[in-house]
Every structure is written in structure tokens, then in C-alpha cells.
Amino acid sequence: MFELTGKTALITGGSRGIGKDIALKFADMGANIAFVHYGDGDNAVVTEKELSEKGIKVKAYECNVADFEASAKLVEEVIEEFGEVHILVNNAGITRDKLMLSMTEAEYDSVMAVNLKGVFNMTKAVYKHFMKKRRGRIINMSSIVGLTGNAGQSNYSASKAGIIGMTKSVAKELGSRNVTVNAIAPGFIKTEMTDAMTDKAKEAALQAIPMKRMGQVEDIANLAAFLASDEASYITGEVIRVDGGMAM
Ligand code: NAP
Numbered sequence: 001m002f003e004l005t006g007k008t009a010l011i012t013g014g015s016r017g018i019g020k021d022i023a024l025k026f027a028d029m030g031a032n033i034a035f036v037h038y039g040d041g042d043n044a045v046v047t048e049k050e051l052s053e054k055g056i057k058v059k060a061y062e063c064n065v066a067d068f069e070a071s072a073k074l075v076e077e078v079i080e081e082f083g084e085v086h087i088l089v090n091n092a093g094i095t096r097d098k099l100m101l102s103m104t105e106a107e108y109d110s111v112m113a114v115n116l117k118g119v120f121n122m123t124k125a126v127y128k129h130f131m132k133k134r135r136g137r138i139i140n141m142s143s144i145v146g147l148t149g150n151a152g153q154s155n156y157s158a159s160k161a162g163i164i165g166m167t168k169s170v171a172k173e174l175g176s177r178n179v180t181v182n183a184i185a186p187g188f189i190k191t192e193m194t195d196a197m198t199d200k201a202k203e204a205a206l207q208a209i210p211m212k213r214m215g216q217v218e219d220i221a222n223l224a225a226f227l228a229s230d231e232a233s234y235i236t237g238e239v240i241r242v243d244g245g246m247a248m
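Under our numbering, the residues of the sequence shown are numbered 1 to 248, in order.
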């Protein structure tokens, strides 16, 4: 079992879905948790309670990761409250799926703002802190569609491909400071995001998965746990698929 005792993890999109499961897993490993949500306060309250029952320090923060100033202020507040951030998980993400033919500029802009600029905003906000401490872990949530593309997701897949480029660039910038930066590329994972897909789209996705089943949030959290642990200290700039073989 990997250990995170005494560490603080800052997880965006931690109120539900994959981010919530990463928060629960990290808490089981002993980490204190600061998580970010935006919009849905009810989920955040439930998640904060579940995490606090694990006997760790936890605080939910409402912040739009697409907002540069707000992200910088958020990280300052978390450092003030927790003393230090050791692990940043850039997990918040949205979809606005449509064929490019009918996709609006607003649908393109909103996905890029949250999914890609959000990663820039949060990473920039912890960058100096990690440099000064000469340690840190950054785990970015990409997607296999950032590797393969997907009809109806030109905005989303561009944002997820962008995350891969950003992951490798920051890994090169911060490697000498003992900061690792890696990306996880999930396939088709059961959350509210995939619940919103049509039955036809779900069936097509299942057909494309060699393992013939959807992934569970735990499948992603298990990899995040490893990447955050001391055991992964020499792994950086990687993009690791967790997809039942879907994008091989
Ligand atoms: P989800 O269930 O829809 O949860 C999204 C999370 O992001 C929520 O906590 C939400 O907060 C938060 N969020 C959304 N917009 C935000 C913003 N502007 N600022 C801060 N937080 C924001 O999504 P998921 O399925 O768990 O996906 C998590 C990540 O994995 C995403 O980056 C997604 O693209 C990626 N991914 C998922 C799959 C999959 O199959 N599910 C596959 C590949 C990649 P609120 O609750 O407050 O709205």
C-alpha cells in the first residue's frame, strides 16, 4: 500500500466522479485533502463529510479553474490553511460535444478554458511553491481522445491533447527541481460525464474496448495513488492510458 501520510493533495474537480475517488484514495493513504469544485455545492458538502470521517484534514474550495486570478488566490489560501501543497491533481473537466459543423465558438472556448487553461492556471499557481520546496507531484487528467481524436469532440480532444504537451513541457522545466509531472489518459469510465452519453454512443464505445467493459473510478484512482507516491519518484513526463486497451 502506497503512503501519503503528512502530505497535502490539492485536487480540482474533487466533488464527484474520478476526482472524488482520487480524494478518497489519497485520504486512505493518509493525505490531507483540499479539493476544488465549481457550481454544485451539494456534492461538495457530501464529499467533504465523507473525507473528514477518514480522520484527515479536509477543506472544500469553490473556484472556477478557468479563472487565472481566482486559481492563484485559491492556491495561496490552501497553502495558508495547510502549510504546504505536495501534490496537485488537475482533474476538473467538462464536455460540450458536437460535430464541428454545429459547434459554437462558445462551446469551443468553454471547454478549452476549463480543461486546458485550467491546468495552466493551477500549475502556474503552484509552480514557484514547488520550485522553492524542491519537490512536488503534478498529475494531469488527459483522456485517450487526446491521443486518438474523436468525432464530436474536437474541442474536448484538443484540450486533452494540449494537456499532454503541457505535461511534458512542465516535466522538462521542473525535473531538476525534483517535481514530477505526469498525465493519466482514461478511456471510458463510469461517471456522470459518461452517464450523459446516448445509449448508442455507449454501445459503440463498449465495442471498441478489448476488455468489453467500462472502467471504474477506482481504476484511475489506483494509478493516481501510485504516481503520487514515493515509489513513482523517477517517473515524469509520462502519459499512461487506463482504458481496457481501447486506444492501443
Ligand atoms: P464529472 O463527473 O463530470 O466531474 C467533473 C468535476 O469537475 C466535478 O467535480 C466538477 O465540479 C468539476 N468542475 C467542472 N468544471 C469546473 C470548473 N470550471 N472549475 C472547477 N471545477 C470544475 O467528470 P469525470 O468523469 O469524473 O471526469 C474527471 C476528469 O477525467 C475530467 O477531466 C475528464 O475530462 C477526464 N476523463 C473522464 C473520462 C470518463 O470516462 N469519465 C474519460 C477520460 C477523461 P462540480 O461538481 O462543482 O460541478
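Ideal placement from N, C-alpha and C gives every residue a C-beta, glycine not left out.
All figures in this text were calculated on a predicted structure; none of them were measured in a lab.
Asked, Found
"Just to check my reading of the structure: T148 and A247 have Cβ atoms closer than 8 Å, yes? What is that Cβ distance to the nearest angstrom?", "5 Å"
"My output table needs one value for M131: the three-state DSSP class, helix, strand or coil.", "helix"
"Going by the C-beta, is H129 closer than 8 Å to any heavy atom of the ligand NAP?", "no"
"Taking the DSSP output, what are the residues bridged to Y108?", "Bridge partners of Y108: none, in fact."
"List in chain order: all unbroken alpha helix (DSSP H) runs of 4+ residues lying wholly within the stretch 62 to 89.", "68 to 82"
"Can you round the beta-carbon distance between M100 and S154 to whole angstroms, since I take them to be within the 8 Å contact cut?", "5 Å"
"Extract the residue ranges of the alpha helix (DSSP H) inside the stretch 125 to 205, only unbroken runs of 4 or more that lie entirely within it.", "145 to 148, 154 to 174 and 192 to 195"
"Smallest Cα separation from V85: which of K20, E173, T191 and A31?", "A31"
"Which of the three DSSP states is assigned to L227 in this structure?", "helix"
"In angstroms, rounded to a whole number, what distance separates the CA positions of E105 and G152?", "14 Å"
"When DSSP builds the beta bridges, which residues end up paired with L10?", "A34 and L88"
"Straight-line CA distance for A264 to E53?", "Residue 264 lies beyond the residue range present for the chain, which begins at 1 and ends at 248; the question has no answer from this structure."
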